[in-house]
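Heads up: the structure comes next, in structure tokens.
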Amino acid sequence: MRSDLIFGALTHVTNRYQLCQLAAKATRKLHKPNTRLQDTTNEVLDRFKDTVPMDDGSESKVEKISVTDHRERRAA
Numbered sequence: 062m063r064s065d066l067i068f069g070a071l072t073h074v075t076n077r078y079q080l081c082q083l084a085a086k087a088t089r090k091l092h093k094p095n096t097r098l099q100d101t102t103n104e105v106l107d108r109f110k111d112t113v114p115m116d117d118g119s120e121s122k123v124e125k126i127s128v129t130d131h132r133e134r135r136a137a
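In our numbering, the protein residues as written are 62 to 137.
Written out as structure tokens, the structure is:
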């Protein structure tokens, strides 16, 4: 069932809105003509369940840079 796939994918992507956006983009990229769109969506959610679709390391670096810049501005 698709709900099982969604809950499995939510283990790696905690934000449901972000999961929807990522799944839509991946479905558009992976869809083959002459196949059902539902099958492609299920395949994408199954892949999200097994792997992390986003790299968490890049986000933390961006946040750290913006926080340190903000602190330097206050001190000056």
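Note that CB positions come from ideal geometry on N, CA and C, so glycine has one too.
Under 8 Å between C-beta atoms of residue i and residue j
i, j, result
"L80", "L71", "yes"
"T88", "V105", "yes"
"K93", "L66", "no"
C-alpha distance - residue i paired with residue j, whole-angstrom precision
i, j, result
"S64", "A85", "16 Å"
"R108", "D100", "12 Å"
"T102", "K90", "11 Å"
"T112", "T96", "23 Å"
"F68", "L98", "20 Å"
Opening and closing residue of the alpha helix (DSSP H) in which residue i lies
i, result
"V105", "98-111"
"K93", "Careful: K93 lies outside any alpha helix (DSSP H) and carries neither H nor E."
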